[in-house]
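Enquirer: As given, the protein sequences belong to chains P and U, one line each in that order. The working numbering applies: residue 1 is where the first sequence begins, and numbers increase by one. The working numbering applies: residue 1 is where the second sequence begins, and numbers increase by one. Cβ atoms here follow ideal geometry from the backbone N, Cα and C, with glycine treated the same way. Just passing along the structure, written as structure tokens.
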Amino acid sequence: MTAQSQEPGMTEPGGDVLRAEHIAKRFGAVTALVDVNLRLARGEVLGLLGDNGAGKSTLIKIICGFQQPDSGRLVVNGQEVVLKSVDQARALGIDVVYQDLALINQLTVYHNMFLKRERIRWPLLNNRSMRDAARRYLDEMGINIPSVEVPVASLSGGQRQAIAVARSVYSNAKILLLDEPLAAMGAKEAAIILDLVRDLKQRGDVSVIMIAHNYGQVLEICDRVNLLQHGQITLDKPAKDTSVQELNDIVVAEYRRAMEQRQRSA
Amino acid sequence: MSETTQQTGRLIGEPGGGPGPQSSTIGILRGWLGIFARQREATILVVTVVLLLYFGIHDTTSFVSQANAINLFSELAAPIIIIAIGEVMLLICGEIDLSAGFIYCFAPFIMFYLNVYYGVPALLAIILALLSGLVVGFVNGFITVTLGVPSFITTLGTGFILAGLALTLSHAEPKDIPPATVTIGNYLGTDGWAQFIWAVILVAIFHVVLTRTRWGLYTVSTGGNQLGAREAGINVGRIKYGNFMITGVLSALVGLQVAFYTNTIDPLAGQYLPMFYSVTAAVIGGTAMLGGSGTILGAFLGAIALATLIDGFDIEGINANSVQIVFGAAILIAMVANVQLARVRERGRIR
Chain P
1 MTAQSQEPGM TEPGGDVLRA EHIAKRFGAV TALVDVNLRL ARGEVLGLLG
51 DNGAGKSTLI KIICGFQQPD SGRLVVNGQE VVLKSVDQAR ALGIDVVYQD
101 LALINQLTVY HNMFLKRERI RWPLLNNRSM RDAARRYLDE MGINIPSVEV
151 PVASLSGGQR QAIAVARSVY SNAKILLLDE PLAAMGAKEA AIILDLVRDL
201 KQRGDVSVIM IAHNYGQVLE ICDRVNLLQH GQITLDKPAK DTSVQELNDI
251 VVAEYRRAME QRQRSA
Chain U
1 MSETTQQTGR LIGEPGGGPG PQSSTIGILR GWLGIFARQR EATILVVTVV
51 LLLYFGIHDT TSFVSQANAI NLFSELAAPI IIIAIGEVML LICGEIDLSA
101 GFIYCFAPFI MFYLNVYYGV PALLAIILAL LSGLVVGFVN GFITVTLGVP
151 SFITTLGTGF ILAGLALTLS HAEPKDIPPA TVTIGNYLGT DGWAQFIWAV
201 ILVAIFHVVL TRTRWGLYTV STGGNQLGAR EAGINVGRIK YGNFMITGVL
251 SALVGLQVAF YTNTIDPLAG QYLPMFYSVT AAVIGGTAML GGSGTILGAF
301 LGAIALATLI DGFDIEGINA NSVQIVFGAA ILIAMVANVQ LARVRERGRI
351 R
């Protein structure tokens, strides 16, 4: 688990905890990722931006081991890894909040919180321990839900999202991937999640990749932003060197190009 | 947008936000949900007790007797209960096994031929017969999970094959129980209450497996949200394989028990009826056909309710054919109630 910063191309003093090199992925006729190069420094919060369908979620799913790239390589803590499963990525300290949350509606909040990380008193589940820990942790985070014993089906969209984020943060992951963690949230709930990410940043040993559509939120919390367009990273800037305006302009320009193409082909 | 913000902001507030008017609404909502969640077993419990009381009072002399109790619980209910355990596990993870009644028919022949023709010791022959159910379950899993055929079709096919194998192997002739296996047979099914005791023990075990172990949690997850379960890292294929294999072994066990109890190995035993009864018991006991929820205890009570109807109508001399009308109605009422309750629950959630 030692991250030796002997790799070429390293800029951050802490060393890169994750690098994706020349990642490509196709789904049948659809090319999701062409050639993605991305790096994540220790303790850094990286904002991953891009249009719908740009390949953001695919990239996240490759890094968390849910899907395998067609080509390219992943380097975690200076070592090349081939991730064949979510469990394998988890063992390396990579955890993810999927866009669809991956919650099981029929299970209680605390069973969802501990899914695939159950506390066992062999051969049974240690429900009491999981229930108490989930309650304590959610209270600590300021996520207010009626009870940890209700099925998640009975919670609001924002509450469900908060549970999914809390689950990943609680897992003690060293590399946290958040795929639109704020999508279904109102301002108050979003503030809770943003505070949480800020806390992680202060701890210094957790690195985060966050996909979001609200550029204001992204620039507020991220150290650096990457823009993914047509399966490639087309912009890589420290957050302080860019602005909501610049990011908007890029997106507007892309829409214009798309419009022009449509008109030309019509 | 601001509306959603307000609404959700209300629900996720600062820590220690005391009990306001909104938390009492949630409290009531929780209470309702709790009642509905529990009611699925409560309803079938009431139905079963009412049926037992009705026949107990109406036909006291013939219904309330040791002989009839053994007939009802051990001979009629136990086979339905044991197969229903497997079907509940499968239905919860989103699959079904139509071949259960054919494994039931086929397994005793394995015991017979191994013991009589190949001289395999009785206990080993019985264990291998049970394992044949495991193998059929594995094949069902392989075709469904690995080859991607819907389990309805998979098990339809394997069921036909097993029916044909049993008929071909036996030349469509019933076989006698091999004498060497009789002693073990007593413990399995011949002695009066043996089948029911097995059923109760298995219900207790699988109730715990479903509600208190990782396997149960992953079974619910697989049927509740298959993609989500996979994303969380659950090997949903393994869960399905396992539950097909559990159902296979349980069906083989029932086949052996019934063979011992009836003292013959019948190439026409089982067929579709035990599977239909078991799925009926599961469904009226509160198991969802679409996966994600169900209870072993509910299926246990559902099976006893069905057995009570079969037995009671038989005692009252009502034509066996009309019993089927009652069964059909019972299934429909249970399903309508399930669907409607789900709608009420959904409405409660949206507020």
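Anything in chain P within Cβ reach of U:ARG212, meaning under 9 Å, just list it in chain order.
Expert: PRO123, LEU124, LEU125, ASN127
Enquirer: Kindly say whether P:MET29, judged by its beta-carbon, lies nearer than 8 Å to any beta-carbon of chain U.
Expert: Residue identity differs from the one stated: residue 29 of chain P is Ala in this sequence, not Met. Output row for P:ALA29: interface = no.
Enquirer: So is U:SER251 in contact with chain P if we call contact Cβ pairs under 8 Å?
Expert: no
Enquirer: Where does the unbroken beta strand (DSSP E) through P:SER71 begin, and where does it stop?
Expert: 71-76
Enquirer: For U:PHE313, which of helix, strand or coil comes out of DSSP?
Expert: Here U:PHE313 sits in helix by DSSP.
Enquirer: What residue from U:ARG212, U:ALA125, U:LYS240, U:THR280 has the CA that sits closest to P:TRP122's CA?
Expert: Closest option to P:TRP122, Cα to Cα, is U:ARG212.
Enquirer: With H, G and I counted as helix, E and B as strand and the rest as coil, what does DSSP make of P:GLN217?
Expert: helix
Enquirer: Taking a contact to mean a Cβ-Cβ separation below 8 Å, would you say U:ALA163 touches U:PHE102 in this structure?
Expert: yes
Enquirer: Out of U:VAL49, U:LEU165, U:ALA77, U:PRO179, which one is the CA nearest neighbour of U:ILE310?
Expert: Nearest C-alpha to U:ILE310 among U:VAL49, U:LEU165, U:ALA77, U:PRO179: U:ALA77.
Enquirer: Kindly indicate if chain U contains any beta-carbon less than 8 Å away from that of P:GLN217.
Expert: no
Enquirer: CA-CA distance, U:GLN257 and U:ASN71?
Expert: Spanning the alpha carbons of U:GLN257 and U:ASN71 requires a straight line of approximately 14 Å.
Enquirer: I think U:ALA299 touches U:GLY285, with their Cβ atoms under 8 Å apart; what is that distance to the nearest whole Å?
Expert: 4 Å
Enquirer: Which residues of chain U have a Cβ atom closer than 8 Å to the Cβ of P:LYS116, listed in chain order?
Expert: ALA232, GLY233, ILE234
Enquirer: Whose C-alpha, out of U:CYS105, U:GLY237, U:GLY189, is nearest the C-alpha of U:ASN140?
Expert: U:GLY237
Enquirer: Using three-state DSSP, classify P:ASP35 as helix, strand or coil.
Expert: strand
Enquirer: Going straight from the alpha carbon of P:ASN105 to that of U:LEU301, what length do you get?
Expert: 26 Å
Enquirer: Within this structure, are the beta carbons of P:GLY72 and P:GLN88 separated by less than 8 Å?
Expert: no
Enquirer: Go ahead and pull the three-state DSSP assignment for P:LYS84.
Expert: Correct three-state label for P:LYS84: coil.
Enquirer: Let's test the definition: count the other Cβ atoms within 10 Å of the Cβ of U:ALA329 and tell me whether it reaches 16, buried, or not, exposed.
Expert: exposed
Enquirer: Got a sec? Which residues, its chain only, sit under 7 Å from U:GLY270 by beta carbon, not counting five neighbours each side?
Expert: Excluding residues within five positions, the ones whose Cβ falls inside 7 Å are GLY101, PHE102, TYR104, CYS105, GLY255.
Enquirer: Under DSSP, the beta strand (DSSP E) around P:GLU21 begins and ends at which residues?
Expert: 16-27
Enquirer: Can you tell which of U:VAL46, U:GLU173, U:SER293, U:PHE112 has the C-alpha that lies nearest to the C-alpha of U:GLY185?
Expert: U:PHE112
Enquirer: How close, in whole Å, do the beta carbons of P:TYR110 and P:ALA134 come, if the pair is a contact with beta carbons under 8 Å?
Expert: 4 Å
Enquirer: Can you tell me whether U:ASN140 is helix, strand or coil according to DSSP?
Expert: helix
Enquirer: Below 8 Å, can you find three or more Cβ-Cβ pairs linking the segment 155-162 of chain P to the segment 177-193 of chain P?
Expert: yes
Enquirer: Under 8 Å between the Cβ atoms of U:ASP176 and U:THR264?
Expert: Contact flag set, yes.
Enquirer: Counting C-beta neighbours from all protein chains within 10 Å, is the total for P:ASN172 16 or more, i.e. buried, or is it exposed?
Expert: exposed
Enquirer: For chain U, is any of its Cβ atoms less than 8 Å away from the one on P:ILE60?
Expert: no
Enquirer: Using a Cβ-Cβ cut-off of 8 Å, state whether U:ALA299 counts as contacting chain P.
Expert: no
Enquirer: Going by DSSP, what residues sit across from P:LEU228 in a beta bridge?
Expert: Paired residue(s): P:GLY50, P:ILE233.
Enquirer: Leaving out the 5 sequence neighbours to the left and right, which residues in its chain are closer than 7 Å to P:ASN126 when beta-carbon positions are compared?
Expert: ARG119, ILE120
Enquirer: What residues are listed by DSSP as bridge partners for U:LYS175?
Expert: U:ILE265
Enquirer: Restricting to Cα atoms, I'd like to know which of P:LEU176, P:THR108, P:LEU138 is closest to P:GLU149.
Expert: P:THR108
Enquirer: At a CB-CB cut-off below 7 Å, which residues of chain U make contact with P:ALA102?
Expert: GLY228, GLU231, ALA232
Enquirer: Just list the alpha helix (DSSP H) runs in the segment 85-162 of chain P, keeping only unbroken ones of 4 residues or longer that don't cross its boundaries, in chain order.
Expert: 86-91, 109-113, 127-141
Enquirer: Between the beta-carbon of U:THR222 and the beta-carbon of U:LEU90, is there less than 8 Å?
Expert: no
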